[in-house]
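Novice:
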Amino acid sequence: MDTIADPLAAIRNLVGADEPEAAVVPASAEDCATFDDDAIVCTCANVNAGEIRNLVRSGTCNSLDDIQVKTRAGGGCGACLPFVAGIVQVEIGLRPQD
65 MDTIADPLAA IRNLVGADEP EAAVVPASAE DCATFDDDAI VCTCANVNAG
115 EIRNLVRSGT CNSLDDIQVK TRAGGGCGAC LPFVAGIVQV EIGLRPQD
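Using my numbering, the letters of the sequence shown correspond one by one to residues 65 to 162.
(1) Looking only at C-alpha atoms, which of T107, N118, A109 sits nearest to A154?
(2) Roughly how many angstroms separate the alpha carbons of D87 and P146, rounded to a whole number?
(3) Using the rule of at least 16 other Cβ atoms within 10 Å of the residue's Cβ for burial, across every protein chain shown, is C141 buried or exposed?
(4) Between A91 and G150, is the Cβ-Cβ spacing less than 8 Å?
(5) Over the uninterrupted beta strand (DSSP E) stretch that includes C163, give me the two end residues.
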């Protein structure tokens, strides 16, 4: 695995993970809409839905990977990843088209 193309490859090699994890299936827009901005989405990193929404809306983050790097959401137990991914997907879909 090329560590330049995949900056986490070296860590995966150290822990014995030869293959990257399967892609995250985002939660539905309806499920993501149930989170108020103050609702904690990732309890491990203490990240709320509003923080994720604001980072995407501002253009600071443009993907799930960007959100994970900026907030560490999903980096603990991983149970929140579908919701984090879903919120990112919904917010990107709400952006005005150029």
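Idealized CB from N, CA, C, for every residue including glycine.
Specialist: The relevant details are as follows:
(1) Residue 154 sits at position 90 when you count from the first residue of the sequence shown. Here residue 154 is Val; the residue named in the question, Ala, does not match the sequence. Between V154 and the set T107, N118, A109, the nearest pair of CA atoms involves N118.
(2) By one-based count along the sequence shown, residue 87 stands at place 23. By one-based count along the sequence shown, residue 146 stands at place 82. Checking the displayed sequence, the identity of residue 87 turns out to be Ala instead of Asp. If you draw a straight line from the Cα of A87 to the Cα of P146, it is about 10 Å long.
(3) One-based indexing of the sequence shown puts residue 141 at position 77. So C141 counts as exposed.
(4) Position 27 of the sequence shown, counted from the start, is the residue given in the question as residue 91. Position 86 of the sequence shown, counted from the start, is the residue given in the question as residue 150. Yes.
(5) Residue numbering for the chain in the displayed model covers 65 to 162; residue 163 lies beyond these limits and cannot be assessed.
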